[in-house]
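In my numbering, the protein residues as written are 1 to 202. Below: the structure, in structure tokens.
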Ligand code: VGL
Ligand code: ZN
């Protein structure tokens, strides 16, 4: 029984091995959301996922910046960029979607962060805030206007995606019980505020 309408889509953000306990950029308790996401997906006709997908030596990796440590912030061409441990490298096990996901009807996987010089938190736009991923066009063409977001991490890729989805004119809800945060230097509280201010239903 589908309670969601055929204009609804479940958008599953970056539920990948590297963002789960044991992974390179583990989000605390990140894998705890997998059963919740599987249950949500059973109510949706349309399910789309994102996959963080970096080339080796990506510019968001601290290892690319001599003398820098993970979680430092640097200034790049498009502004401030947090540096991360090497994670979600293309075609490595860490980049795989979590093996516990049960999404047989997953219809699209949007990969992001594959340009060396630009990181991408949002499912819609890369961190230069200009380069589109194509997701807004896909949703528009398919008549999918209402999003429910879940995944990792609440305060980075989920928040950026939710806010950009509002800007694209979509109705947006975030299932917080199906998300987990990094909370880097208290980043969760302002991310929740920014989502609310953008008209995201939490
Ligand atoms: C993410 C940091 C770096 C995320 C991705 O999925 O929230 N965070 N790359
Ligand atoms: Zn990344």
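Glycine included, every Cβ here is placed at the ideal spot set by N, Cα and C.
Excluding five sequence neighbours on each side, which residues of the same chain lie with their C-beta closer than 6 Å to the C-beta of residue 198?
163 and 166
Spatially closest choice to residue 10 from 184, 201, 174 and 188, by CA coordinates
174
Could you tell me whether any non-hydrogen atom of the ligand ZN is closer than 7 Å to the CB of residue 29?
no
Of the choices 117, 99 and 201, whose alpha-carbon is the least far from that of residue 15?
99
Please return the same chain residues whose Cβ sits closer than 7 Å to the Cβ of residue 1, not counting the five positions on each side in sequence.
Any reading at residue 1 is ruled out, since the residue's pLDDT is 44, under 50, leaving its predicted position unreliable.
With C-beta atoms as the reference, is residue 55 less than 8 Å away from residue 114?
yes
Beta-carbon contacts of residue 194 that lie in its chain and below 8 Å, excluding the five residues immediately before and after:
159 and 163
Straight-line Cα distance separating residue 47 from residue 148:
10 Å
Sort 150, 189, 155 and 190 by Cα distance to residue 13 and report the nearest one.
150
Same chain only: Cβ atoms within 8 Å of residue 80, ignoring 5 sequence neighbours per side
73 and 74
Can you tell me whether residue 39 is buried or exposed? The criterion is at least 16 other CB atoms within 10 Å of its CB, across all chains shown.
exposed
What's the C-alpha gap between residue 129 and residue 123?
11 Å
Where residue 141 falls: helix, strand or coil (DSSP):
helix
Hey, residue 116 and residue 161: beta-carbon distance below 8 Å or not?
no
Just to check my reading of the structure: residue 145 and residue 170 have Cβ atoms closer than 8 Å, yes? What is that Cβ distance to the nearest angstrom?
6 Å
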